[in-house]
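Asker:
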Amino acid sequence: MNNTPRLLALLVLSLSLLAASPASAADPDATLRLVRGGDSVTLDPARAFDSGSTLVTGQICEGLVRMKGGGLHVEPALAESWTVSPDGREWTFRIRKGVSFHDGTPMNAKAAAISIMRQVDPAHPYHLPGMFTAKSLFEHVAGAEALDDSTLRIRLTRASASLLLSLASAQAAILSPAALAKWGADIASHPVGTGPFMLVEWRRGDSITLARNLDHWDGAPRLERLVIRTILDAGTRFSEFQARRADALAGIPSSDLPLLEKMPGTQLLSVAGLNIAYLAINTRRGQFRKPGVRRAVLLALNREALTRLVYGASGYPASFLLPPSLMDIGFVADDIGVRGNLPQARKLLEREGLAEGFPATLQVMDIPRPYLPEPRRMAQAISQALASIGIRVRVVTVPWARYVSQAAKGEHDFCLTGWSFDSPRPHGFLRYKLGWDSPGNYSNWNNERFQALLNNAEASRDEGERSQMFREALRLVAAEAPAVPLAHVRDTLALRDGVKGVILQPTGAAIRFDKAYWE
């Protein structure tokens, strides 16, 4: 990328800033304008599979519990407290009193039960297609019922070590029952929650405007409005921020970080994100049915070189299919990673009778994701790397609006994808991305031993035992190679110097604006 024009503009801007300041900085209750690289797909949290959607639903809706600001541990939200039965199969939540949804409907135990059961029960009147996250979040939930207005009971088919983490996920947020009854499937465009902000307008492909909830149980936000704009082109996003037509910038390519670090009046927030970018290999298609061919792909990719090229200093190579941040909560898997080995990759293809190589397709999205800020560049780098062992890759770019449904069809050989974890749940990610009956399994991989390990780990209350089972599951992934881990990225947000109180969460590429203000 030629950065000369930007550097010249930056010099001019630095001289002018001495006499200028953002108009909004003078008002402690002003609007904050965020620009990002892609629009939300849905604003129904139960169907929000992407960080572009959960970024917004997380401002509007809340769950029984939430992740602590900037951390990986659970704290109370709409539930003040909870108890669990000795066998771990019954959880009782005490609902916070005096909370209302944005439409005035009381938030109570019955409302919470409805939002849970619409995901769990396919026969529920508010159940909708696309609630695939329930397979990993609520797969062991047998039922949820209100004992009274302030008491919710959740019954499980088996003990679950990660139920609280599931309930802290963006998809477990609670919606107004009145809004569900009114809007039906259109709740995706008219979400009504209890969160610190309320939806004012969604101009698809352009912007989402939110207004503060003055009655929020945790205190009204100081920001009056939050405007989230979508600008697909990274250069245009940068220019908008540079020209001070935006107060916050997300979806930052690594090549722009040095410029932002030098930009006057700018601060950078950064956190080791709970995320991963990886290459899904379709195990039900052509030559990739053979584990040896998939292993050759894994060994042909130099993840250190790919990370340096695509992420620069903002990323680090992935050794296995879970973020290293999970080690902070007791999970360790430091001996499972597989390093690149080009000669060995060629030998594996020769052994399969494919020394001359073969053609393949690689599906890639058209917009940046938090785990993959430059998807096309990564796809091209992978294509070049695989050409060295004779695999001739054709890159196919698919618009994000239909990327997930296209990937689920399984018509690709490779699929460049990833995930930003909503909560630190190894089981949830591995189940959703590699579980046989999950629509997120773009590898179409089916391994009974892998599934059994996940189920047993989820039921175990022994942290050491759980860790060992996850390690074994990851060893199976490394041996069978249905997916190639590529990189993790530090989530970075650029802000005007006058903006304070923004919290960049390590989970789900989430940003909390509920305590943000202009200084």
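Here the working numbering is used: the first residue of the sequence shown is 5, the next is one more, and so on.
Ideal Cβ placement from N, Cα and C applies to all residues, glycine included.
Here the structure is a predicted model, which means the values were calculated and not measured.
Between V399 and S387, which are expected to be in contact by the criterion C-beta below 8 Å, what is the C-beta distance as a whole number of angstroms?
Answerer: 6 Å
Asker: Leaving out the 5 sequence neighbours to the left and right, which residues in its chain are closer than 6 Å to A309 when beta-carbon positions are compared?
Answerer: none
Asker: Taking just the CA atoms, how far does K504 sit from E149?
Answerer: One C-alpha to the other measures close to 40 Å.
Asker: Which residues in the same chain have their Cβ closer than 7 Å to the Cβ of A174, if we skip the five residues on either side of it in sequence?
Answerer: If you ignore the 5 residues before and after A174, its C-beta comes within less than 7 Å of the C-beta of P49, A52, T58, T61, G62, D426, G512, all in its own chain and listed in chain order.
Asker: Out of H106, L156, G502, Y407, state which residue places its alpha-carbon closest to the alpha-carbon of I120.
Answerer: The residue among H106, L156, G502, Y407 with its C-alpha nearest the C-alpha of I120 is L156.
Asker: For the region 178-187 against the region 153-167, do three or more pairs of beta-carbon atoms, one drawn from each stretch, fall closer than 8 Å, so that the two count as touching?
Answerer: no
Asker: What are the complete beta strand (DSSP E) segments, minimum 3 residues, inside the region 38-123?
Answerer: Taken in chain order, the complete beta strand (DSSP E) segments of 3 or more residues contained in the region 38-123 are 69-71, 78-80, 83-88, 94-99.
Asker: With a CB to CB cut of under 7 Å and the five nearest residues on each side skipped, what residues in its chain are close to E84?
Answerer: Around E84: R98, R100.
Asker: Helix or strand or just coil, what does DSSP make of H431?
Answerer: If DSSP states are grouped into helix, strand and coil, H431 belongs with the helices.
Asker: Taking the straight line between their C-alpha atoms, what separation do you get for S323 and G188?
Answerer: 43 Å
Asker: What's the C-alpha gap between L76 and R429?
Answerer: 10 Å
Asker: Taking the alpha-carbon positions, what's the G223 to S193 distance?
Answerer: 26 Å
Asker: Kindly indicate which three-state DSSP category Y521 falls into: helix, strand or coil?
Answerer: strand
Asker: Output the distance between the C-alpha atoms of D43 and V408, rounded to the nearest integer angstrom.
Answerer: 14 Å
Asker: Tell me the DSSP secondary structure of P363 in three-state form.
Answerer: strand
Asker: Please report the straight-line C-alpha distance between A385 and E205, rounded to a whole angstrom.
Answerer: 39 Å
Asker: For G444, count neighbouring C-beta atoms within 10 Å of its own C-beta (all shown protein chains included) and say buried if the count is 16 or more, exposed if not.
Answerer: buried
Asker: Measuring straight from C-alpha to C-alpha, what distance separates M135 and E360?
Answerer: For M135 and E360, the distance between alpha carbons rounds to 43 Å.
Asker: Once you ignore the five residues that flank L151 on each side, which residues in its own chain have a CB closer than 6 Å to its CB?
Answerer: R157
Asker: Got a sec? Which residues, its chain only, sit under 6 Å from S258 by beta carbon, not counting five neighbours each side?
Answerer: Counting only Cβ-Cβ distances below 6 Å, and skipping sequence neighbours, we find Y315, G316, S318.
Asker: According to DSSP, R398 sits in a beta bridge with which residue or residues?
Answerer: T365
Asker: Give the single residue among R406, P327, S104 whose Cα lies nearest to the Cα of Y282.
Answerer: For Y282, the nearest C-alpha among the options comes from P327.
Asker: Compute the Euclidean distance between the alpha carbons of L261 and P225, then round it to the nearest angstrom.
Answerer: 29 Å
Asker: Please list the terminal residues of the continuous beta strand (DSSP E) segment that includes E149.
Answerer: E149: member of the beta strand (DSSP E) spanning 145-152, first to last residue.
Asker: Note down, one range per segment and in chain order, each beta strand (DSSP E) of at least 3 residues found wholly within the region 235-309.
Answerer: 270-276, 279-285
Asker: Take S424 as the anchor and find which of E415, D495, H416 has the nearest alpha-carbon.
Answerer: D495
Asker: Given this structure, state the Cα-to-Cα distance separating P510 from G74, to the nearest angstrom.
Answerer: In a straight line, the C-alpha of P510 is about 6 Å away from that of G74.
Asker: Under 8 Å by Cβ, that's how I've got A34 and E244 pegged, so tell me the actual separation to the nearest angstrom.
Answerer: Rounded, the Cβ-Cβ distance is 17 Å, inconsistent with contact.
Asker: Is the number of C-beta pairs between the region 372-379 and the region 296-308 that are closer than 8 Å three or more?
Answerer: The region 372-379 vs the region 296-308: no contact.
Asker: Going by the CB atoms, is the gap between N217 and G239 shorter than 9 Å?
Answerer: no
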